[in-house]
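The structure appears below as structure tokens.
Protein chains: 2
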Amino acid sequence: MARVDTSLVTHLPLFAGVKPDDLEEILREARSARYPKNSAIFEQGADAQSFFLLLHGHVRAAKTTPTGEQIVVRYVAPGETFGLATAIGLTHYPATATAVDDSVVLIWPTAAWPRLVERFPSLAANTLQTVGARLQESHTRILEMSTQQVEQRVAHALLRLAKQSGKKLDQGIEIDFPISRQDIAQMTGTTLHTVSRILSGWESQGLVESGRQRIILREPHRIVVLAERSADSGAA
Amino acid sequence: MARVDTSLVTHLPLFAGVKPDDLEEILREARSARYPKNSAIFEQGADAQSFFLLLHGHVRAAKTTPTGEQIVVRYVAPGETFGLATAIGLTHYPATATAVDDSVVLIWPTAAWPRLVERFPSLAANTLQTVGARLQESHTRILEMSTQQVEQRVAHALLRLAKQSGKKLDQGIEIDFPISRQDIAQMTGTTLHTVSRILSGWESQGLVESGRQRIILREPHRIVVLAERSADSGAA
DNA sequence: GTTCCGTTTTGCGCTATCGCAAATACCCGG
DNA sequence: CCGGGTATTTGCGATAGCGCAAAACGGAAC
Numbered sequence: 002m003a004r005v006d007t008s009l010v011t012h013l014p015l016f017a018g019v020k021p022d023d024l025e026e027i028l029r030e031a032r033s034a035r036y037p038k039n040s041a042i043f044e045q046g047a048d049a050q051s052f053f054l055l056l057h058g059h060v061r062a063a064k065t066t067p068t069g070e071q072i073v074v075r076y077v078a079p080g081e082t083f084g085l086a087t088a089i090g091l092t093h094y095p096a097t098a099t100a101v102d103d104s105v106v107l108i109w110p111t112a113a114w115p116r117l118v119e120r121f122p123s124l125a126a127n128t129l130q131t132v133g134a135r136l137q138e139s140h141t142r143i144l145e146m147s148t149q150q151v152e153q154r155v156a157h158a159l160l161r162l163a164k165q166s167g168k169k170l171d172q173g174i175e176i177d178f179p180i181s182r183q184d185i186a187q188m189t190g191t192t193l194h195t196v197s198r199i200l201s202g203w204e205s206q207g208l209v210e211s212g213r214q215r216i217i218l219r220e221p222h223r224i225v226v227l228a229e230r231s232a233d234s235g236a237a
Numbered sequence: 002m003a004r005v006d007t008s009l010v011t012h013l014p015l016f017a018g019v020k021p022d023d024l025e026e027i028l029r030e031a032r033s034a035r036y037p038k039n040s041a042i043f044e045q046g047a048d049a050q051s052f053f054l055l056l057h058g059h060v061r062a063a064k065t066t067p068t069g070e071q072i073v074v075r076y077v078a079p080g081e082t083f084g085l086a087t088a089i090g091l092t093h094y095p096a097t098a099t100a101v102d103d104s105v106v107l108i109w110p111t112a113a114w115p116r117l118v119e120r121f122p123s124l125a126a127n128t129l130q131t132v133g134a135r136l137q138e139s140h141t142r143i144l145e146m147s148t149q150q151v152e153q154r155v156a157h158a159l160l161r162l163a164k165q166s167g168k169k170l171d172q173g174i175e176i177d178f179p180i181s182r183q184d185i186a187q188m189t190g191t192t193l194h195t196v197s198r199i200l201s202g203w204e205s206q207g208l209v210e211s212g213r214q215r216i217i218l219r220e221p222h223r224i225v226v227l228a229e230r231s232a233d234s235g236a237a
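So the sequence lines, in the order shown, correspond to chains W and F. In terms of my numbering, the first sequence opens at residue 2 and continues consecutively. In terms of my numbering, the second sequence opens at residue 2 and continues consecutively.
Structure below.
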């Protein structure tokens, strides 16, 4: 069992209002594990035996239809929880979680949740806030899918990724984990082909620089403009 | 201040695990109010001064874009909470709530929430579950919008409404509150025109019977089939 | 009973985006 | 350094569904 330094996690919103001693007690119930790039953490439909806190790396949560199509529910960044099925009353995972980069997570057994929540009620309150935030994001996404064209949705998606997991470079902001056209398509409700066409267009205008599973926003500000424009032409 | 009979609300999931005496204490902090059909309960962006529990009637929660387009976030049925902005850490309402029928609600001041949660931790846990359930629904909706055609999405939407607020009739299931083509369009990410065409088609096949703000599912089972079919023709 | 207003229906052209297919480019492992 | 496999790009035809417009309809108020 790996030891976890409390100083790494005290400042997370999840543990707001939890006293250091209590935090140590909470962490004692967790173990940590490493998942190499592209490995599965859990599968949609599987028994929810654990819940997770991501320490390093990046995790993709995706939902699959009976016919095999996928959407990306979200990307998990370090410091965020995932696999909270049990907290929201599910016995099985509603999505599949995959490490998109070498990742390190803390793992609590599902059985620990009720006990922890009872002893530390602020855990429930804090989790309620983060789940609420995710709900807002979902609604925003639905709004976008209902009212905007694909190009704007892609712009929004990239800006959100940049905000969440962007690495500042001299030349712009790089999205700090491997992400394919297909992934972006699955975040925005379109096809990889359309995403590819859009990015090609942007690249030729100098808005982005991109390659295999790699995207740098060169002119974030102009992308914001694209994301907000309601609908009109744009070619030079 | 209206008195509220605890027996009306004890069985709600929100109050699971709350003792009768405690429940009375919780209800003492609430007042009740009546909203006539088509009246506003709160507006998107307004200061979140209260949170609500619907006792009778039906409430529509809708989100508006800067450019004025709307989507329906959800319909609230009796027994459900809404306007929980404060619980999820928001200071302003993220959507607009409107009574679509004469409605009666319980209203707590926002300031009561932290106090109640502290005294009755199961409130937070219970709310976490319902918010979690809504998050799942949102994800399902995103999945549908990403992978299904409009006709299937409309079918799903009607089936969900029927399940949540359907009134069983001899001739089928009637959606138990006034709902327009436009509303359905805003639930499914399409236009009222397309919804109208789809319902007309279904009506001529005897699947539904509908009129002004009124829909009866005559053959729910066949609509389920429609909702699930991945993609092919259907005309006789 | 009549009038007025919001809802629904329907026609028709347009286009954003998909779907399929094929060619290229890039990265990793050996 | 080379080969194989995956990711990306791009062309082109097909089409679901939008957008606009106008007509028909249904209810409610007076």
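All residues carry an ideal CB built from backbone N, CA and C; glycine is no exception.
Review point. Got a sec, what are the start and stop residues for the alpha helix (DSSP H) VAL74 (chain W) sits in?
Key: The residue given as residue 74 (chain W) occupies position 73 in the first sequence. DSSP places VAL74 (chain W) in no alpha helix (DSSP H) but in the uninterrupted beta strand (DSSP E) bounded by 71-77.
Check your understanding: Got a sec, what are the start and stop residues for the alpha helix (DSSP H) VAL225 (chain W) sits in?
Key -> Reading the first sequence from its first residue, position 224 is the one you call residue 225 (chain W). Element bounds for VAL225 (chain W): 221-229.
Exercise for review: Below 7 Å CB to CB, which residues in the same chain sit around VAL155 (chain F) once its five sequence neighbours on both sides are set aside?
Suggested key: Along the second sequence, one-based indexing puts residue 155 (chain F) at 154. Here the set comprises ILE185, THR189, VAL196 and ILE199.
Review point. Just how far apart, CA to CA, sit ALA236 (chain W) and ARG120 (chain W)?
Key: For the purposes of this step, residue 236 (chain W) is taken as residue 235 along the first sequence, with counting starting at 1. For the purposes of this step, residue 120 (chain W) is taken as residue 119 along the first sequence, with counting starting at 1. With a pLDDT of 40 at ALA236 (chain W), under the threshold of 50, the modelled position of this residue cannot be trusted; read the value that follows with caution. Each residue's alpha carbon lies about 59 Å from the other.
**Study point:** Sub-9 Å separation of GLY46 (chain W) and HIS93 (chain W) beta-carbons
**Key:** Counting from one through the first sequence, the residue named residue 46 (chain W) turns up at place 45. Counting from one through the first sequence, the residue named residue 93 (chain W) turns up at place 92. The answer is yes: Cβ separation under 9 Å.
Practice item. Tell me, please, whether the CB atom of GLN130 (chain W) is closer than 9 Å to any CB atom in chain F? Key: Along the first sequence, read from residue 1 onward, the residue named residue 130 (chain W) stands at position 129. It does; some Cβ of chain F falls within 9 Å.
Practice item. Could you pull out every unbroken beta strand (DSSP E) segment of at least 3 residues lying fully inside the segment 38-93 of chain W, listed in chain order? Key: 41-43, 51-57, 60-65 and 71-77
Check your understanding: Is it buried or exposed for ALA228 (chain F), if we count other Cβ within 10 angstroms and need 16 for buried?
Key -> By 1-based counting over the second sequence, the position of residue 228 (chain F) is 227. Buried, by the Cβ-count rule.
Practice item. Sort F:ALA63, F:LEU124 and F:THR148 by Cα distance to GLU70 (chain W) and report the nearest one. Key: The sequence position of residue 70 (chain W) within the first sequence is 69, counting from 1. Among F:ALA63, F:LEU124 and F:THR148, the Cα nearest to that of GLU70 (chain W) belongs to F:THR148.
Point to revise | Length of the line joining the Cα atoms of VAL105 (chain W) and ALA126 (chain F) | key: Looking up residue 105 (chain W) in the first sequence gives position 104. Looking up residue 126 (chain F) in the second sequence gives position 125. In this structure, the straight-line span from the alpha carbon of VAL105 (chain W) to that of ALA126 (chain F) is close to 28 Å.
Point to revise | Closest residue to THR131 (chain F) among F:VAL226, F:LEU54 and F:VAL225 (Cα-Cα distance) | key: Counted from its first residue, the second sequence places residue 131 (chain F) at position 130. Closest by alpha carbon: F:LEU54.
Review point. Between the segment 16-28 of chain W and the segment 66-83 of chain W, do three or more beta carbon pairs fall short of 8 Å?
Key: no
Exercise for review: Note down, in chain order, each residue of its chain lying with its Cβ closer than 7 Å to the Cβ of SER123 (chain W), except the 5 sequence neighbours on either side.
Suggested key: By one-based count along the first sequence, residue 123 (chain W) stands at place 122. So the list reads ALA17, GLY18 and VAL19, once near-sequence residues are dropped.
Check your understanding: If you measure beta-carbon to beta-carbon, which residues of the segment 136-149 of chain W are closer than 7 Å to chain F?
Key -> Per Cβ criterion, the list reads LEU136, GLN137, SER139, HIS140, ARG142, ILE143, LEU144, MET146, SER147 and THR148.
**Study point:** Beta-carbon spacing of GLU220 (chain F), GLY202 (chain F) below 9 Å
**Key:** Working through the second sequence from its first residue, we reach residue 220 (chain F) at position 219. Working through the second sequence from its first residue, we reach residue 202 (chain F) at position 201. No, the pair does not count as a contact, with Cβ atoms beyond the cut-off.
Review point. Using a Cβ-Cβ distance under 9 Å, would LYS64 (chain W) count as near chain F?
Key: Here the question's residue 64 (chain W) lines up with position 63 in the first sequence. By the rule that beta-carbons nearer than 9 Å mark a contact, LYS64 (chain W) touches chain F.
**Study point:** Rounded C-alpha distance that separates GLY58 (chain W) from SER211 (chain F)
**Key:** As a working note, residue 58 (chain W) is residue 57 in the first sequence. As a working note, residue 211 (chain F) is residue 210 in the second sequence. Going by the C-alpha atoms only, they are around 52 Å apart.
**Study point:** Test: GLN206 (chain F) CB closer than 9 Å to a CB of chain W
**Key:** The residue you call residue 206 (chain F) lines up with position 205 of the second sequence. Not an interface residue.
Practice item. Have a look at VAL225 (chain W) and GLU204 (chain F) and give me their C-alpha separation to the nearest angstrom. Key: As a first step, residue 225 (chain W) is located in the first sequence; it is residue number 224 there, counting from the start. As a first step, residue 204 (chain F) is located in the second sequence; it is residue number 203 there, counting from the start. Computed Cα separation, rounded: 44 Å.
Check your understanding: Is it true that the CB of VAL60 (chain F) sits closer than 9 Å to the CB of ALA111 (chain F)?
Key -> Here residue 111 (chain F) is taken as the residue at index 110 of the second sequence, counted from 1. Here residue 60 (chain F) is taken as the residue at index 59 of the second sequence, counted from 1. Ala is not the amino acid found at residue 111 (chain F); the sequence shown has Thr there. Taking 9 Å as the Cβ cut-off, THR111 (chain F) and VAL60 (chain F) do not qualify as a contacting pair.
**Study point:** Neighbouring residues, chain W, relative to PRO122 (chain F) (Cβ below 7 Å)
**Key:** Mapped onto the second sequence, residue 122 (chain F) falls at position 121. Think of a sphere of 7 Å around the beta carbon of PRO122 (chain F): the chain W residues whose beta carbon falls inside it are PRO122 and ALA125, in chain order.
**Study point:** Beta carbon of ILE89 (chain W) nearer than 9 Å to that of GLY133 (chain F)
**Key:** Position 88 of the first sequence, counted from the start, is the residue given in the question as residue 89 (chain W). Position 132 of the second sequence, counted from the start, is the residue given in the question as residue 133 (chain F). Yes; because the gap between Cβ atoms is below 9 Å, this pair is in contact.
Practice item. Give a yes or no on whether 9 Å exceeds the smallest Cβ distance from VAL19 (chain W) to chain F. Key: If you number the first sequence from 1, residue 19 (chain W) lands on position 18. So no, VAL19 (chain W) is outside the interface.
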